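Okay, so here's the structure we're looking at.
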Amino acid sequence: MEKHCGNDDICGDKIMSEPVNVIAFVETDFTAHVRERLQDKGRSFELAEWAFRCIQSGENKEEMLQMVGVLVNEVFFQRKIIADMENCVRNK
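Okay, so the sequence shown: first residue is 1 according to this note's numbering, each after it adds one.
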């Protein structure tokens, strides 16, 4: 008999409902654009190049703050998913 890890969000059919945002911010067209670009390796690299130029020049400070928020939330979310999946597999 299989052991269930008890996490229906990962092992079952439920969608994750636990909030995973670390940084609270208002979603904007820019943050949506950042998330879209993060879906593609080449576009992610272009986003990084743009960010590096902004850091060096001191321009687009508000957008840079928003992008850091998106990145922190995305990394936290992905690490949580991976940890939950590992826990589920370990407990089967």
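All C-beta atoms, glycine included, are put in the ideal place defined by N, C-alpha and C.
Just so you know, these numbers come straight off a predicted model, no measurement behind them.
8 Å Cβ cutoff met for residue i and residue j
i    : j   : result
E63  : F30 : yes
V127 : I23 : Past the boundaries of the shown model lies residue 127; the chain is included only from 1 to 92, so the question cannot be answered.
Close-in-space but distant-in-sequence residues of the same chain around residue i (CB under 8 Å, 5 per side omitted)
i   : result
E46 : R37
S44 : R37 and L38
C-alpha gap between residue i and residue j, whole angstroms
i   : j   : result
S57 : N87 : 44 Å
N60 : C54 : 6 Å
A32 : I82 : 23 Å
Contacts around residue i, its chain only, beta-carbon distance under 6 Å, and the 5 residues preceding and following it disregarded
i   : result
V34 : M67 and V70
*Can you list, in chain order, the stretches of the alpha helix (DSSP H) that have 4 or more residues and sit fully within the segment 56-87?*
none
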